[in-house]
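Residue 1404 is where the sequence shown starts when you use my numbering, and the numbers rise one by one after that.
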Amino acid sequence: MDLKLPPFTKYGTWYDKKQVGGWSQSFGGLKDRKNVTFLTYATVRGAAHEVPFTSPSQALTLFRSLLSGTPLPRFSA
């Protein structure tokens, strides 16, 4: 299945507290001359089916990113 969305970021790691939190890739394009992300595919490293119970810190970072509309941290800080 092809959603016809161009990759906006390369598939790569995202970080939580200087540790690899998982992997993600965003898809999007330009809208009104601004970069817009339409879809982000993200995984959480080491998580089981119920992510908040098995990886609470990574789940919080992922959830905050979703609510704020900001990208997941791509570099350890």
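Ideal Cβ positions, reconstructed from N, Cα and C, are used throughout, including at glycine. For clarity, every value in this text was computed on a predicted model and none was experimentally measured.
message: Tell me which residues share the same chain as Val1447 and place their Cβ nearer than 8 Å to its Cβ, disregarding the 5 neighbours each side in the sequence.
response: For Val1447, the CB contacts under 8 Å within the same chain, skipping 5 residues up- and downstream, are Gly1424, Gly1425, Val1454, Ser1458, Gln1461, Ala1462 and Leu1465 in chain order.
message: Within 10 Å of its beta-carbon, does Leu1433 have 16 or more other beta-carbons around it, so buried, or fewer, so exposed?
response: Exposed, because fewer than 16 other Cβ atoms sit within 10 Å of the Cβ of Leu1433.
query: Count the other CB atoms within 10 Å of the CB of Leu1475; is the residue buried (16 or more) or exposed (fewer)?
result: Label assigned to Leu1475: buried.
query: Which of helix, strand or coil does DSSP assign to Val1423?
result: In the structure shown, Val1423 sits in a strand (DSSP, three-state: E or B).
task: Starting from the Cα of Leu1469, find the closest Cα among Thr1440, Leu1408 and Thr1416 and give me that residue.
output: Of the candidates Thr1440, Leu1408 and Thr1416, the residue whose Cα lies closest to the Cα of Leu1469 is Thr1440.
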